[in-house]
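The structure appears below as structure tokens.
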Amino acid sequence: MKFVDEYRDPAAARVAIDQIEALAGDRHLKFMEVCGGHTHTIYKHGIENVLPESVELVHGPGCPVCVIPMGRVDDAIAVAEEPGVIFTSFGDMMRVPGGHGNLLEAKARGADVRMVYSPLDALRIAEVNPDKQVVFFAVGFETTAPSTAVTLLKARERDVTNFSVFCNHVTIVPPLKAILESPDLRLDGFLGPGHVSTVIGNRPYRFVPGVYGKPLVTAGFEPLDILQAIVMLLRQINEGRCEVENQYTRAVVDQGNPRALAILGQVFELRPHFEWRGLGFISQSALKLRDDFAAFDAELRFQVPGVRVADPKACQCGEVLKGVIKPWECKVFGTACTPETPIGTCMVSSEGACAAYYNYGRFTRSTTIPVRAAEPVG
Amino acid sequence: MAPEPAPDREEHHAPSREEVVLERIEAFRRRRPKLKDDFINSAHGAGGKASAALIDAVFVEAFRNDTLEAMTDGAVVALPSGDRVAFSTDGFVVKPLRFPGGSIGHLAIHGTVNDLAMMGAVPKWISAAFVIEDGFPIAELHQIVADMREAAVHAGVEVVTGDTKVVNKGAADGVYITTAGMGTVPAGVELSASKVEPGDKVLVSGKIGDHGVAVMIARGDLALEADIPSDTAPLNELVEKLLAAAPNTRFLRDPTRGGVATVCNELARASEVAVVLQESALPIRGIVNGACEILGIDPLYVANEGKLVAVVPADEADSALAAMRAHPFGADAAVIGEIRDEPPGIVILNTGFGGNRIVDMLVGDPLPRIC
Amino acid sequence: MCLGIPGQLVEIVDENEHRGIADVDGVRREINIGLVMGEAGGINVGDWVLIHVGFAMSRIDEEEAQKTLDFLKLMGSVYDDELDQLRMDTPL
Numbered sequence: 000m001k002f003v004d005e006y007r008d009p010a011a012a013r014v015a016i017d018q019i020e021a022l023a024g025d026r027h028l029k030f031m032e033v034c035g036g037h038t039h040t041i042y043k044h045g046i047e048n049v050l051p052e053s054v055e056l057v058h059g060p061g062c063p064v065c066v067i068p069m070g071r072v073d074d075a076i077a078v079a080e081e082p083g084v085i086f087t088s089f090g091d092m093m094r095v096p097g098g099h100g101n102l103l104e105a106k107a108r109g110a111d112v113r114m115v116y117s118p119l120d121a122l123r124i125a126e127v128n129p130d131k132q133v134v135f136f137a138v139g140f141e142t143t144a145p146s147t148a149v150t151l152l153k154a155r156e157r158d159v160t161n162f163s164v165f166c167n168h169v170t171i172v173p174p175l176k177a178i179l180e181s182p183d184l185r186l187d188g189f190l191g192p193g194h195v196s197t198v199i200g201n202r203p204y205r206f207v208p209g210v211y212g213k214p215l216v217t218a219g220f221e222p223l224d225i226l227q228a229i230v231m232l233l234r235q236i237n238e239g240r241c242e243v244e245n246q247y248t249r250a251v252v253d254q255g256n257p258r259a260l261a262i263l264g265q266v267f268e269l270r271p272h273f274e275w276r277g278l279g280f281i282s283q284s285a286l287k288l289r290d291d292f293a294a295f296d297a298e299l300r301f302q303v304p305g306v307r308v309a310d311p312k313a314c315q316c317g318e319v320l321k322g323v324i325k326p327w328e329c330k331v332f333g334t335a336c337t338p339e340t341p342i343g344t345c346m347v348s349s350e351g352a353c354a355a356y357y358n359y360g361r362f363t364r365s366t367t368i369p370v371r372a373a374e375p376v377g
Numbered sequence: 000m001a002p003e004p005a006p007d008r009e010e011h012h013a014p015s016r017e018e019v020v021l022e023r024i025e026a027f028r029r030r031r032p033k034l035k036d037d038f039i040n041s042a043h044g045a046g047g048k049a050s051a052a053l054i055d056a057v058f059v060e061a062f063r064n065d066t067l068e069a070m071t072d073g074a075v076v077a078l079p080s081g082d083r084v085a086f087s088t089d090g091f092v093v094k095p096l097r098f099p100g101g102s103i104g105h106l107a108i109h110g111t112v113n114d115l116a117m118m119g120a121v122p123k124w125i126s127a128a129f130v131i132e133d134g135f136p137i138a139e140l141h142q143i144v145a146d147m148r149e150a151a152v153h154a155g156v157e158v159v160t161g162d163t164k165v166v167n168k169g170a171a172d173g174v175y176i177t178t179a180g181m182g183t184v185p186a187g188v189e190l191s192a193s194k195v196e197p198g199d200k201v202l203v204s205g206k207i208g209d210h211g212v213a214v215m216i217a218r219g220d221l222a223l224e225a226d227i228p229s230d231t232a233p234l235n236e237l238v239e240k241l242l243a244a245a246p247n248t249r250f251l252r253d254p255t256r257g258g259v260a261t262v263c264n265e266l267a268r269a270s271e272v273a274v275v276l277q278e279s280a281l282p283i284r285g286i287v288n289g290a291c292e293i294l295g296i297d298p299l300y301v302a303n304e305g306k307l308v309a310v311v312p313a314d315e316a317d318s319a320l321a322a323m324r325a326h327p328f329g330a331d332a333a334v335i336g337e338i339r340d341e342p343p344g345i346v347i348l349n350t351g352f353g354g355n356r357i358v359d360m361l362v363g364d365p366l367p368r369i370c
Numbered sequence: 000m001c002l003g004i005p006g007q008l009v010e011i012v013d014e015n016e017h018r019g020i021a022d023v024d025g026v027r028r029e030i031n032i033g034l035v036m037g038e039a040g041g042i043n044v045g046d047w048v049l050i051h052v053g054f055a056m057s058r059i060d061e062e063e064a065q066k067t068l069d070f071l072k073l074m075g076s077v078y079d080d081e082l083d084q085l086r087m088d089t090p091l
């Protein structure tokens with residue numbers, strides 16, 4: 000697959016890993032990959048067990064599925080169970096538990112819950128089912144929000160009155176700031192979220208080196224992208240630089256996508272505050288529909304319970320997200336909190352730091368389980 | 000193979016807390032999952048953890064006997080004469096009923112033929128029961144049955160008995176078919192997960208993921224277009240050739256729901272061995288890979304209907320591979336991994352990139368994801 | 000966080016409605032190209048785009064893609080011998 004396979008070459012990876020080892024020396028450096036997509040790549044390809052011990056990756060808050068508070072999932076289920084509603088959602092949200100079960104269970108009880116690949120598919124369902132109310136469960140960072148915005152513009156243009164959006168779009172900079180503000184932060188640099196940056200560009204991250212003195216390199220999603228970004232971070236540190244750099248130049252330009260940004264501004268405005276699972280309330284960290292689009296706002300069209308479900312006390316997701324502890328250091332990890340019965344945000348989706356660690360496991364350099372990597376078979 | 004005692008870890012260093020936690024997870028992973036749900040949902044039919052939990056808690060619990068508890072695709076029972084027969088049954092619900100490369104009719108025959116073949120049996124007789132929705136077009140039923148006939152002739156089996164029920168409109172999705180099959184097990188053929196040993200090789204008979212992706216695309220709700228036909232095919236002849244070339248073949252299983260990953264996990268648990276797969280050796284069509292990338296799903300978990308996973312002793316791997324490749328349904332066969340003793344109950348994938356990761360049981364149906 | 004897949008724009012179905020067809024390794028899907036139409040040079044059949052939830056989010060710059068690979072190659076040039084050795088050892 001073009002633009003994919005060439006970034007998975009094991010021989011090139013070996014070279015990058017040698018570089019990383021040489022550049023890191025005998026320090027112990029912690030870098031956070033902000034984005035859940037990076038976390039997924041890291042586990043899917045087993046990157047952690049090829050990295051030298053001097054470099055540790057901390058998995059950040061950038062999984063839009065994990066950060067949705069349980070109360071919002073309960074609201075979604077309440078809307079889905081209203082008579083005459085077709086509730087549409089990305090596959091990712093179907094298994095995410097609220098306080099009272101998940102959407103798959105609501106579907107099993109008789110709610111018309113359908114999986115869609117694109118918000119435009121949800122709009123199409125509304126157009127062919129004029130006697131039903133079709134609701135789209137919008138989640139995602141700035142990467143996904145423009146597609147919801149375009150869909151809403153089309154809905155208004157075509158006067159599709161039976162379509163509405165339950166908006167849970169969030170923004171990346173406020174949680175990043177919240178993490179940087181944390182007094183117990185132990186990070187030496189950041190891998191910036193490549194796909195969010197296709198929309199917002201690299202400029203919004205300038206406060207990371209500017210105010211907090213941490214380097215950030217926007218990175219792509221193939222294994223070699225991640226290794227190269229680590230090399231770039233190490234070079235910055237070794238050369239005494241601290242800036243925003245872009246590894247993912249094939250897809251990201253500094254100014255982002257002005258068209259997408261304009262459409263975002265036309266359709267959405269910032270919520271005064273929004274609750275993040277694991278991180279608590281963060282001001283101006285999420286999007287809601289502007290008044291012009293109130294007719295398409297599912298929160299106004301339907302009665303949503305709006306009950307807050309507090310994060311369980313035993314859960315230490317906040318500390319995991321800040322890199323203070325590792326997933327396995329949490330008190331409930333792997334006992335009360337597992338992918339089948341997640342307690343905290345990090346265990347909710349396969350991209351969450353804890354779920355990724357649990358599912359894909361990790362034969363660390365220090366364990367004695369003999370796994371001979373890349374040994375030929377057959 | 001008698002389960003070996005856990006080999007001594009290096010005694011001189013106490014396990015770190017991380018190791019303790021990892022060890023606990025691995026132990027948990029090896030356990031059969033427990034049923035915690037109050038209501039059936041789609042995950043219980045997906046072939047992953049939820050299915051295993053349901054089968055254990057409801058069916059095995061009620062019917063408990065040695066043959067059932069072997070948890071194989073079919074049962075091998077001995078007749079008073081000493082001859083052995085294999086017996087298997089399978090229900091077929093697929094939407095759409097017709098998809099590129101086949102229909103529910105083909106699946107209904109191939110599915111049961113293959114389950115019998117995986118026991119090492121020669122499939123002979125099939126029964127078919129139809130649950131049909133009120134208002135279903137008879138012309139469409141004719142077509143489906145013609146597909147069954149075609150598949151039966153091809154596989155060399157006869158449909159010898161059957162049943163028909165009609166249910167109210169809305170109580171079934173068009174037509175559901177249940178087939179059962181019987182076959183004879185040749186003397187000396189004994190396939191079982193318990194015979195699998197460290198050092199054995201793991202083979203797959205061809206490209207993986209075709210059927211699941213073909214059906215997902217044929218449903219149309221993802222608006223994807225791709226020329227991917229289902230791989231639905233009878234595997235009895237392939238098995239016959241394979242067993243002739245590799246008479247000490249240990250274990251066969253067709254990776255239907257849940258895919259190759261699920262078969263390997265079930266094997267690892269049942270035989271208390273590690274299955275180590277080589278990502279770069281997995282045969283996957285580019286177009287299937289493309290569809291999986293778009294949908295964010297892993298082809299290792301996608302269903303096949305005309306493939307088998309075989310475990311053979313290392314010294315028979317070459318002849319097994321050659322025999323499969325000589326058959327049209329095994330032309331793309333490959334050695335994809337091997338059996339090791341450590342860590343037991345776990346499937347590991349050596350990634351093409353040089354790292355490795357655990358391939359766990361699937362929790363439910365693979366859902367397309369956007370993030 | 001956001002699955003982005005490289006695909007090639009193989010057809011523009013309706014420029015006003017922003018409808019195009021992308022090909023990912025032989026799999027085709029209609030995508031919305033409205034968000035990338037503002038880029039310098041517009042968007043043309045044959046261009047590679049990054050696809051997310053059925054939308055082209057950005058155009059993939061082939062020249063930049065090559066530069067990234069060159070960076071990795073350059074990094075490795077001092078390790079050439081070692082690399083050759085590795086290629087022999089590693090089953091690809």
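The listed protein sequences correspond, in order, to chains A, B and C. Sequential numbering from 0 applies to the first sequence in numbering that gives the first Met the number 0. Sequential numbering from 0 applies to the second sequence in numbering that gives the first Met the number 0. Sequential numbering from 0 applies to the third sequence in numbering that gives the first Met the number 0. No residue lacks a Cβ here, since even glycine has one placed at the ideal position from N, Cα and C. Because the structure is a prediction, the values reported are computed rather than measured.
On the DSSP letters alone, give me the boundaries of the beta strand (DSSP E) that residue i sits inside.
{"i": "C/Glu10", "result": "Ile4 to Asp13"}
{"i": "B/Ala116", "result": "No beta strand (DSSP E) holds B/Ala116; the alpha helix (DSSP H) holding it covers Ile103 to Met117."}
{"i": "B/Val166", "result": "Glu157 to Val166"}
{"i": "A/Pro96", "result": "Here A/Pro96 belongs to no beta strand (DSSP E), and DSSP marks it neither H nor E."}
Starting from residue i, find everything on chain B with Cβ-Cβ shorter than 8 Å and list it in chain order.
{"i": "A/Thr143", "result": "Ile369 and Cys370"}
Counting only beta-carbon atoms, is residue i nearer than 8 Å to chain A?
{"i": "B/Asp209", "result": "no"}
{"i": "C/Gly3", "result": "yes"}
{"i": "B/Glu132", "result": "no"}
{"i": "B/Lys48", "result": "yes"}
{"i": "B/Ala222", "result": "yes"}
{"i": "B/Ala5", "result": "Here B/Ala5 scores only 45 on pLDDT, less than 50, and its place in the model is too uncertain to base an answer on."}
{"i": "B/Ala42", "result": "yes"}
{"i": "B/Ile338", "result": "no"}
{"i": "B/Val362", "result": "yes"}
Check the C-beta distance from residue i over to residue j and give it rounded, since I have them as a contact under 8 Å.
{"i": "B/Pro228", "j": "B/Gly100", "result": "3 Å"}
{"i": "B/Gly47", "j": "B/Gly295", "result": "So it is not a contact: roughly 17 Å between Cβ atoms."}
{"i": "A/Leu28", "j": "A/Asp187", "result": "5 Å"}
{"i": "A/Ala121", "j": "A/Val127", "result": "Contact doesn't hold; Cβ gap of about 11 Å is too wide."}
{"i": "A/Val3", "j": "C/Met74", "result": "That belief does not hold up - the Cβ atoms of A/Val3 and C/Met74 are roughly 20 Å apart, past 8 Å."}
Does residue i come within less than 8 Å of chain C when only Cβ atoms are used?
{"i": "A/Val370", "result": "Confidence is the limiting factor: at A/Val370 the pLDDT is only 37, short of 50, which leaves the residue's position unreliable and the question unanswerable from this model."}
{"i": "A/Arg202", "result": "no"}
{"i": "A/Gly139", "result": "yes"}
{"i": "B/Ala225", "result": "yes"}
What residues of chain C sit near residue i, judged by a beta carbon separation below 7 Å?
{"i": "B/Ile286", "result": "Asp24, Gly25 and Val26"}
{"i": "A/Glu5", "result": "Leu68"}
Contact criterion: CB-CB distance below 8 Å. Does residue i meet it with respect to chain B?
{"i": "C/Leu91", "result": "With a pLDDT of only 41 at C/Leu91, under 50, the local geometry of the prediction cannot be trusted, and no value is derived from it."}
{"i": "A/Leu151", "result": "no"}
{"i": "C/Glu29", "result": "yes"}
{"i": "A/Ala107", "result": "yes"}
{"i": "A/Asp25", "result": "no"}
{"i": "A/Ile46", "result": "yes"}
Which two residues bound the contiguous alpha helix (DSSP H) that contains residue i?
{"i": "A/Gly70", "result": "Met69 to Ala79"}
{"i": "B/Val144", "result": "Ile137 to Ala154"}
Could you list which residues in chain A have their beta carbon closer than 7 Å to that of residue i, in chain order?
{"i": "C/Gly41", "result": "Ordered by position in chain A, no residue passes the 7 Å Cβ test against C/Gly41, which lies about 12 Å from the chain."}
Please list, in chain order, the chain A residues whose beta carbon lies closer than 9 Å to that of residue i.
{"i": "B/Glu315", "result": "Result: empty, since nearest Cβ-Cβ is about 12 Å, beyond 9 Å."}
- [ ] Quick one: which residues of the region 295-310 of chain B get their C-beta closer than 7 Å to a C-beta of chain A? List them in chain order.
- [x] none
- [ ] Note down, in chain order, all residues in the region 5-26 of chain C with a beta-carbon under 7 Å from any beta-carbon belonging to chain B.
- [x] Val23, Asp24, Gly25 and Val26
TODO: With 9 Å as the C-beta to C-beta threshold (strictly closer), list the residues of the region 43-61 of chain C near chain B in chain order.
DONE: Ile50, His51, Val52 and Gly53
Open item on the list: Beta carbons nearer than 7 Å to chain C: which residues of the region 103-134 of chain B have them?
Closed with: none
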